[in-house]
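Mapping the sequence shown onto numbering that gives the first Met the number 0, position 43 (from 1) lands on 42, and the numbers just tick up by one. Each residue gets a CB set at the ideal place from its N, CA and C atoms; glycine is no exception. Bear in mind the structure is a predicted one, so any value in this text is a computation, not a measurement. Down below is the structure, laid out as structure tokens.
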Amino acid sequence: MVGKYLIFLTQEEEIVINFIGKVFERYALLKKSNLPTKICPVCNLPFTWRKKWEKNWENVKYCSKRCRKN
Ligand SMILES: [Zn+2]
């Protein structure tokens with residue numbers, strides 16, 4: 000959305016801005032949910048506690064199977 004108004008930006012700058020926007024959106028969402036969160040070391044995005052991780056939340060490092068493979 001931000002990129003639409005900043006048409007003088009290069010494509011790389013637009014990607015960075017979109018990424019930052021995504022991170023802030025997620026943080027806002029997580030703040031609302033009040034669940035424990037971690038930062039995925041692969042995609043650098045925060046992810047939140049899920050029921051399936053109930054027993055091994057301490058060992059969970061990545062947000063998804065895809066990130067774990069990387
Ligand atoms: Zn990830």
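In whole angstroms, what is the alpha-carbon distance linking residue i and residue j?
| i | j | result |
| --- | --- | --- |
| residue 53 | residue 69 | 24 Å |
| residue 58 | residue 32 | 21 Å |
| residue 9 | residue 16 | 11 Å |
| residue 51 | residue 11 | 37 Å |
| residue 56 | residue 13 | 35 Å |
| residue 49 | residue 61 | 12 Å |
| residue 37 | residue 43 | 10 Å |
| residue 63 | residue 39 | 9 Å |
| residue 27 | residue 19 | 12 Å |
| residue 41 | residue 7 | 30 Å |
Output yes or no for whether 8 Å exceeds the beta carbon distance between residue i and residue j.
| i | j | result |
| --- | --- | --- |
| residue 45 | residue 29 | yes |
Tell me whether residue i sits in a helix, a strand or coil according to DSSP, three-state version.
| i | result |
| --- | --- |
| residue 62 | coil |
| residue 17 | helix |
| residue 7 | coil |
| residue 54 | coil |
Can a CB atom of chain C be found closer than 8 Å to the CB of residue i?
| i | result |
| --- | --- |
| residue 37 | Looking for chain C here will not work: only one protein chain is present. |
**Asked** In the region 26-52, which residue ranges form an unbroken alpha helix (DSSP H) of at least 4 residues, counting only runs that do not cross its ends?
**Response** none
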